[in-house]
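S.K.: Below is the structure I would like to discuss, written out as structure tokens.
Structure below.
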């Protein structure tokens, strides 16, 4: 049987972990919000690397936070990315449509 001290300590640790994860989610979302409008300027490989990181991070976050919290994360995504995310599910980066390749100027 656990003591009340261990339950309090466990609850405090969970609060700290959730706070750290929430801050990280906020930073990642800010990064994507900065990158998304500039997608046309980003090379295809860079785009795939960035989105691969983003989706793997969200995958880990959804496992940790649970589906309800992940739904809120999903709805906070930039529009260009959230269209491909069904509720509480993730799309593999290989299925993401890369930005259009730039045409060379003559």
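Numbering (our numbering), first residue to last: 534 to 639. In this text, a Cβ means the ideal position worked out from N, Cα and C, and glycines have one as well.
(1) Mapping DSSP to helix, strand and coil, what is residue 557?
(2) Taking Cβ to Cβ, would you say residue 557 is nearer than 9 Å to residue 586?
(3) How would you label residue 540, buried or exposed, when you count the other beta carbons within 10 angstroms and need 16 or more for buried?
(4) State the Cα-Cα distance for the pair residue 555 and residue 547, rounded to the nearest angstrom.
(5) Look at the alpha carbon of residue 537 and the alpha carbon of residue 563, and state the distance between them as a whole number of angstroms.
(6) Rounded to whole angstroms, what's the CA-CA distance from residue 550 to residue 561? Just pull it up for me.
M.R.: From the atom records:
(1) By one-based count along the chain shown, residue 557 stands at place 24. It is helical.
(2) Numbered from 1 along the chain shown, position 24 holds the residue referred to as residue 557. Numbered from 1 along the chain shown, position 53 holds the residue referred to as residue 586. Against a cut-off of 9 Å, the Cβ pair of residue 586 and residue 557 comes out as no contact.
(3) As a working note, residue 540 is residue 7 in the chain shown. It counts as exposed.
(4) Walking along the chain shown from the start, residue 555 turns up at place 22. Walking along the chain shown from the start, residue 547 turns up at place 14. Cα to Cα, the separation comes out at about 12 Å.
(5) One-based indexing of the chain shown puts residue 537 at position 4. One-based indexing of the chain shown puts residue 563 at position 30. Whole-angstrom Cα-Cα distance: 39 Å.
(6) If you number the chain shown from 1, residue 550 lands on position 17. If you number the chain shown from 1, residue 561 lands on position 28. Rounded to whole angstroms, residue 550 to residue 561 spans 16 Å at the Cα level.
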